[in-house]
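All remarks here apply to the structure that follows.
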Amino acid sequence: MAYLLQHVVNALQWGSFYALIALGYSMVYSVLMLFNFAHGDIFMVGAYIGLFVATGLLALGSAGAVALPNWAVLVLTLILAMALTSVVGMLVERVGYRPLRRAPRASAALTGLMIGITFETLNLALLGAKRRSFPALIETTSYQVAGVSITNTKIMIVVISLLLMLALDQFVRRTKWGMAMRAMAVDIFVVPLMGVPINTMAALTFALGSGLAAVAGVFFGQAYPVLEPYMGMLVGWKAFVAAILGGRGSVLGAALAGFLLGFIEIFVAVVFPSTLRDLIAYSVILLILTFRPYGFFGEPYSARLRL
Amino acid sequence: MLTVENLRVSYDRIAALHGISFHVEEGEIVCIIGANGAGKSTTLRAISRLVPAEPGSKITFRGENLLRYPPEKVVSQLGISHVPEGRRLFDNLTVMENLRLAAFARKDHQQIERDLERVFSIFPRLKERITQKAGTLSGGEQQMLAVGRAFMSGRRMMLLDEPSMGLAPLLMMGVFEALGELNKEGTTILLVEQNARMALKFAQRGYVLENGRLVLAGTSQELLDNPDVKKAYLGG
Ligand SMILES: Nc1ncnc2c1ncn2[C@@H]1O[C@H](COP(=O)(O)OP(=O)(O)OP(=O)(O)O)[C@@H](O)[C@H]1O
Ligand SMILES: [Mg+2]
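Going down the list, the sequences are from chains A and B.
At position 203 of the first sequence the residue is numbered 203 (our numbering), and the sequence of numbers has no breaks.
At position 167 of the second sequence the residue is numbered 474 (our numbering), and the sequence of numbers has no breaks.
Pasting the structure below:
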């Protein structure tokens, strides 16, 4: 029993990464009818930005300039990584996707893949092929609860991730920007007639998604402290699957599907050899999708595709 | 108030408007009638900047070059709202959200609340349905919401693309009555209709659009009496 509970805790943490990343895929897909295939690499960029901010702040501390306590370094790292990665996301939208808004969707998909490869290659070129370790920003304490070991890092990762998802959900439901995003999901062509600047909305959508990916990146650095240029590929594709599974336009769906993916992967590995993990995990997903082709909470309203 | 000169618009290099010119004065109700594919919707879209006008086209609104404005600013700064063809409500948003979204760029919060009340006093049916998703409204209610939405977004001028489409005669009268009221309160109206009889009864002046060219202009009475118009658009 304790053995299984231990996996639940791990699955929650692992699911947080998928969920945070899936939200970025899901929002962009919903608002702009676009799969941003560079999103996994934006997660990687976010992790590296977090790494540089954190090491920079720690170096400042040891140089005697401003010695911040580690929790403050973590908070600042999260905030700065979110902000800077949002800028990266907005640049990707501006340079990569905006010129293709009316182009066939396949061109946009190719562009996304290209942007992703560019990020990976740039990383290799600028930083070399070595792995880098992310400094631990909180001293790990383990709590033993009913035979299960839970670390404070895991609690923090899961709780902050959930809070951010909740905040995003409220933003989309209650603010006028969220309303505009939901409107763009069904009819981007007439949204300007409401006085809504759609370029600003597109930038905002990318900024939000990239910010969440950066949080996932920093947390990933805390949980598995090794970063490498291709770290975003597999995680990115899986988060994409979670976004589809969640249903177009659903924050709740993408979050739930992210966690579900974490659970399926971890528990499949409990029962089967880990080499078969992905094969079995994604067969399960495929099976779910055959019964729910629009995902968990896909809106039944279809998008209008022309003026 | 609105002057259109030599307006040309193409879709994928196929011309839809071949250089049309017309004007609408402040407080007027003007209609453009024409058959399917004549270019009526395209004309309104060009004014709203949803489709680009070709070089050489000129549109001025209250003395300003309208073509300098992006679509969202045509609404929020010039005050020109547009009820698009087929209503195009946001089906996944509630009635209230549709109305509030239309006030996206407005900062006059108290006036927004008063305007909402005004919309509900013109269309009481909408008030009973504020939490209902727009996609589940009846056709008539949807048209009311489309007009209400335009009312919330900009009110100097309203562009209406076939507001009578799909409505039973009684509902249609209701919608036009409401539009007439808005006009009396100062909203200039440019109306585009296939239902020529209805449009000409409602408007003071009209234009006839054929294959992307304006072929006739006149007061509504002149057009109603014109034998060509009678034959082509009024059923004999
Ligand atoms: N989005 C579009 N892409 C390509 N061509 C278009 C598009 N919209 C309209 N057209 C073409 O432009 C011409 C004018 O169309 P428009 O919709 O303005 O006509 P309309 O007078 O509004 O017709 P209706 O009464 O049927 O609504 C038509 O030949 C039409 O096929
Ligand atoms: Mg039309």
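Heads up, the beta-carbon is just placed ideally off N, CA and C, and yes, glycines get one too.
Next on the checklist: Residues of chain A with CB closer than 9 Å to the CB of residue 357 of chain B, please, in chain order.
Outcome noted: 189, 190, 192, 193, 307
Next on the checklist: Can you tell me whether residue 469 of chain B sits near ligand 2, meaning its C-beta is under 7 Å from at least one heavy atom of the ligand?
Outcome noted: yes
Next on the checklist: Using a Cβ-Cβ cutoff of less than 7 Å, which residues in the same chain neighbour residue 7 of chain A once the five nearest sequence positions on both sides are dropped?
Outcome noted: 266, 267, 270
Checklist entry - Any Cβ of chain A within less than 8 Å of the Cβ of residue 430 of chain B? => result no
Checklist entry - What is the DSSP secondary structure of residue 381 of chain B, counted as helix, strand or coil? => result helix
Checklist entry - On the three-state DSSP scale, how would you describe residue 313 of chain B? => result strand
Checklist entry - When every heavy atom of ligand 1 is checked, does at least one fall within less than 7 Å of the C-beta of residue 348 of chain B? => result yes
Checklist entry - Using a threshold of 7 Å, is the CB atom of residue 433 of chain B nearer than that to any non-hydrogen atom of ligand 1? => result no
Item to check | Alpha carbon of residue 253 of chain A to alpha carbon of residue 143 of chain A, nearest angstrom | outcome: 31 Å
Item to check | Partners in chain A for residue 352 of chain B, counting only beta-carbon separations shorter than 9 Å | outcome: 307
Item to check | Residues that residue 399 of chain B contacts on chain A, provided the C-beta gap is smaller than 9 Å | outcome: 182, 183, 185, 186, 249, 299, 300, 301
Checklist entry - Within the chosen definition, does the region 324 to 343 of chain B reach the region 517 to 530 of chain B through at least 3 CB pairs nearer than 8 Å? => result yes
Item to check | Closest residue to residue 299 of chain A among A:18, A:26, A:14 (Cα-Cα distance) | outcome: A:26
Item to check | Given residue 2 of chain A as reference, the closest of A:196, A:23, A:148, A:273 once Cα atoms are compared | outcome: A:148
Checklist entry - Taking 7 Å as the cut-off, is the CB of residue 544 of chain B close to at least one heavy atom of ligand 2? => result Nothing can be reported for residue 544 of chain B, as the shown portion of chain B is limited to 308 through 543.
Checklist entry - Looking only at its own chain, which residues have a Cβ that is under 8 Å from the Cβ of residue 53 of chain A, when we skip the five neighbours before and after it? => result 76, 77, 80, 81, 84
Item to check | Option in B:481, B:416, B:483, B:314 with minimal Cα separation from residue 327 of chain B | outcome: B:314
Checklist entry - Looking at the structure shown, is residue 492 of chain B part of a helix, part of a strand, or coil, going by DSSP? => result coil
Item to check | Residue closest to residue 258 of chain B, alpha-carbon to alpha-carbon, out of B:518, B:516, B:517, B:503 | outcome: Past the edges of chain B, shown from 308 to 543, lies residue 258 of chain B, and the structure says nothing about it.
Checklist entry - In chain B, what lies closer than 8 Å to residue 176 of chain A by C-beta? => result 407, 408, 411
Next on the checklist: Strictly below 7 Å CB to CB, what residues from chain A border residue 383 of chain B?
Outcome noted: 195
Checklist entry - Quick one: is residue 342 of chain A near chain B, going by C-beta distance under 8 Å? => result For residue 342 of chain A there is no data in the structure shown, the boundaries of chain A being 1 and 307.
Checklist entry - For residue 85 of chain A, does the three-state DSSP call read helix, strand or coil? => result helix
Item to check | residue 450 of chain B vs residue 482 of chain B beta-carbon contact at 8 Å | outcome: yes
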